[in-house]
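Take a look at the structure set out below.
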Amino acid sequence: MDFSLSEEQTQLKEAAIGFARKELADDLSVREKKGEFYWEGWRKCAGFGLLGMPAPARYGGLEMDPLSCVLTLEGLGYGCRDHGLLFALNSQLWTCIKPILSFGNDEQKEKYLPSLIRGEKVGGHAMTEPDAGSDAFSMRCRARKKGDRYVLNGTKMFITNAPIADLLLIFAVTDPDKGFGGISGFIVEKGFPGFSVGRPLELMGLKTCPLGEVILQDCEVPEENRLGREGAGTAIFNAEMEWERGCLFAAHLGAMQRTLEETIRYAREREQFGQPIAKNQAIAHKIADMAVRIELSRLILYKVAWMKGNGQRAPLESAIAKLFVSESYVQNSLEALQIHGAYGYSAEYDLERHVRDSLAGRIYSGTSEIQRNIISSFLDL
Ligand SMILES: Cc1cc2nc3c(=O)[nH]c(=O)nc-3n(C[C@H](O)[C@H](O)[C@H](O)COP(=O)(O)OP(=O)(O)OC[C@H]3O[C@@H](n4cnc5c(N)ncnc54)[C@H](O)[C@@H]3O)c2cc1C
C-alpha cells in the first residue's frame, strides 16, 4: 500500500492554498453580518477551475481524478475562511454539475455544463421538503406527465443556492406506486413557469451561503429536462450523495488543519501561571486528539477518493467519511475554542464561526444518525 502523493498532487493542494489566501481574503466578517454571498470570490473560484475539476475539457473542465479534487478542496478549505462560499461551490459541483455529467445526455451536458463550470450560472439540488427530511423518499412533490412536458407541484425546503440559482436539479414523484423506483430528477430553470423561490432562510452558520425554499406551482418542465430515465431519481440521488460525502468534506479537513496550527501557535504563546498553556497535559491532550481526528479524516477521505478513482462504488466508506469528518470538525472546533478561552468565544477570532459552520455538517448530506443507519445496514445486524 502506497500512501505517498505525487509531486503534481502535492502542488495542486499548495496551489489551492495559495489561490485561496491571495484571492479569497476579503473582509469576511462584514459580509457575514449582512449574510452576503461572495460573488467576486465565486467568479475567481470558477476562473481557477474549481467548478470544473472532475469535468471533461470539452465542457471547460480540468479532468481531475477524485483524489486530486479532494486534495484541491482540502487546500481550499485550509486557505479560505468563507465556508459559506465553499459550501455553495461544493453544492453546485457535486449535486448539480456531477449528476448532469454522470446521468445527462449530450444535449443536456452541452446546454448546461459550460456555463455552470464557468460560474456564470448557479445551480444546486432540491430533495428535502418541509415534511420529508431524512425520510427524503417520502416526498410529496409530484411530477405528472402532460404531453411533452411534466407538471411539477410541491415545495422544497433548505435548498442551498436557491435564492441565487439559475437552475436546480429537482426530485419529484413520477409514479407513487413504484416507491423508490417512482422518483425522477428534473433540471428546472428559474424561468420555467410556476417556479419560484421563497425568502432566503437565515441560518446559525454558513451565513454567506444563500439557502431557501422552492415553490413549484404547476411548474412546467419540458420532457427533455428529465435527467436520466423516468424513475432513475433514487439512483441519481444516491450517486450524488456518495460524491458529496466523499469530496465536500475535504474542505472541512483543510479547515481543521488550519485550526490545529493556529491552536498550537496560541497554546505555545499564551502564558498562564508562568508557563505556556501548552505545557499543561490537559491542553496537550486536547491538541493531540485534534491531530488524531485530522489524520483519520484524511485517511478515510483519501480512501474514498481512491475507490471512486478506481471506478468503485463507496456507499459505506463515504458514509463513514461523512460521519467521521463532520463530527471531527465540530469536536475540533469546540476544543480549539476552549483552548483559546474568551478569545476563542470572541467574534474577533474565527473559532466561533467554525463552531457555527461545522454544526451544519452534521445535518446536511444526511444527518449523523442517518449515516450510522447506513453504516449499520452494511453490518448484517
Ligand atoms: C446548511 C444546510 C444545507 C442544506 N442544503 C440542502 C440542499 O441543497 N438540498 C436539499 O435537498 N436539502 C438540503 N438540506 C436539508 C438536509 O438534507 C436535511 O436537513 C437533512 O436531510 C435532515 O432532514 P431534517 O432537517 O428534516 O431533519 P429530520 O429528518 O426531521 O430529522 C430530525 C432528527 O431526527 C433524526 N432522525 C430522523 N430519522 C431518523 C432515523 N430513522 N433514525 C435515527 N434518527 C433519525 C435526525 O438525524 C435528526 O437528528 C440542507 C440542510 C442544511 C442544514
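Note that the sequence shown ends on residue 383 in this note's numbering; no numbers are left out. In this text, a Cβ means the ideal position worked out from N, Cα and C, and glycines have one as well. Quantities reported herein were computed from a predicted structural model and do not represent experimental measurements.
Residue of the options minimising C-alpha distance to residue i
| i | options | result |
| --- | --- | --- |
| Gly1 | Ile279, Arg355, Ala257, His356 | Here the chain comprises residues numbered 3 to 383, so residue 1 is not present and cannot be evaluated. |
| Arg33 | Val175, Gly86, Phe173 | Gly86 |
| Pro58 | Ala323, Ile119, Gln11 | Ile119 |
| Glu38 | Cys211, Phe197, Gly346 | Cys211 |
| Leu115 | Val327, Glu232, Asp168 | Asp168 |
| Gly346 | Lys35, Ser198, Arg272, Ala253 | Arg272 |
| Asn375 | Leu91, Ser136, Glu109, Gly51 | Ser136 |
| Ile289 | Ala323, Glu244, Glu329, Ile341 | Ile341 |
| Arg146 | Lys192, Phe275, Glu232, Ile302 | Glu232 |
| Ala234 | Gly126, Ser186, Asp382, Gly276 | Ser186 |
| Lys15 | Gly79, Lys324, Met3 | Gly79 |
| Val175 | Ala321, Arg144, Ala27 | Arg144 |
| Asp4 | Leu301, Pro68, Ser198 | Leu301 |
| Leu88 | Asn107, Cys249, Pro165, Pro178 | Cys249 |
| Gln333 | Ser360, Ala321, Glu350, Ser348 | Ser360 |
| Leu255 | Gly276, Met243, Gly363 | Gly363 |
| Leu73 | Glu10, Leu383, Asp133, Thr130 | Glu10 |
| Gly81 | Tyr331, Pro178, Lys192, Phe21 | Phe21 |
| Glu109 | Tyr366, Ile189, Lys180, Glu131 | Ile189 |
| Asp179 | Asp84, Tyr351, Ser140 | Ser140 |
| Asn2 | Pro165, Glu131, Ile166 | Absent from the model: residue 2. The displayed extent of the chain is 3 to 383, so no value can be given. |
| Pro195 | Arg201, Val223, Glu204, Glu215 | Val223 |
| Ser6 | Asp28, Leu69, Ala18 | Leu69 |
| Leu75 | Ile19, Ala128, Leu229, Gly106 | Ile19 |
| Lys24 | Ser8, Phe50, Lys35, Arg228 | Phe50 |
| Leu298 | Glu337, Arg270, Ala323, Ala253 | Ala323 |
| Lys192 | Asn227, Lys209, Ser8 | Asn227 |
| Val124 | Ile377, Gly54, Ala138 | Gly54 |
| Ala321 | Ile372, Arg295, Glu350 | Ile372 |
| Ile377 | Glu350, Ala338, Val199, Leu325 | Leu325 |
| Pro202 | Glu337, Lys36, Asn282 | Lys36 |
| Ile166 | Leu91, Gln13, Ala349 | Leu91 |
| Ile279 | Glu350, Gly343, Met129, Arg295 | Gly343 |
Beta-carbon separation (whole angstroms), residue i vs residue j, contact threshold 8 Å
| i | j | result |
| --- | --- | --- |
| Met206 | Arg358 | 5 Å |
| Gly121 | Cys47 | 7 Å |
| Gly63 | Pro56 | 7 Å |
| His213 | Phe173 | The residue you asked about is not His; residue 213 is Leu in the sequence shown. The Cβ separation is near 17 Å, so there is no contact. |
| Leu171 | Pro101 | 6 Å |
| Gly126 | Thr162 | 5 Å |
| Phe251 | Leu303 | 6 Å |
| Glu246 | Ser367 | 5 Å |
| Asp352 | Arg83 | 6 Å |
| Leu229 | Gly311 | Between Gly311 and Leu229 the Cβ distance is about 24 Å, and since that is not below 8 Å, they are no contact. |
| Ser370 | Ser328 | 7 Å |
| Val199 | Ala253 | Rounded, the Cβ-Cβ distance is 25 Å, inconsistent with contact. |
Near ligand 3: residue i beta-carbon under 8 Å from a heavy atom
| i | result |
| --- | --- |
| Gly49 | Ligands present in the displayed structure are limited to ligand 1, and ligand 3 is not among them. |
Worksheet item: Three or more beta-carbon pairs under 8 Å between the region 76-95 and the region 145-159, yes or no?
Response: no
Worksheet item: Where are the alpha helix (DSSP H) runs, 4 residues long or more, that stay fully inside the region 73-127, in chain order?
Response: 85-94, 100-105, 108-119
Practice prompt. Could you say if the region 35-50 and the region 217-226 meet the contact criterion of at least three C-beta pairs nearer than 8 Å?
Written response: no
Item to complete: Note down, one range per segment and in chain order, each alpha helix (DSSP H) of at least 4 residues found wholly within the region 206-279.
Response: 235-249, 252-271
Worksheet item: Can we say the region 302-318 touches the region 257-268, given the rule of at least three CB pairs closer than 8 Å?
Response: no
Worksheet item: Which runs of the beta strand (DSSP E), 3 residues or longer, sit entirely within the region 128-192?
Response: 144-148, 151-162, 169-175, 185-191
Practice prompt. Check whether the region 264-281 touches the region 294-308, counting contact only when three or more Cβ pairs, one atom from each stretch, lie closer than 8 Å.
Written response: no
Discussion item. Is it the case that the region 232-252 contacts the region 177-191, given that we only count it when at least three CB pairs across the two stretches are under 8 Å?
Written reply: yes
Item to complete: Run through the region 277-351 for me and flag every whole alpha helix (DSSP H) of 4 or more residues, listed as ranges in chain order.
Response: 283-311, 317-341, 343-347
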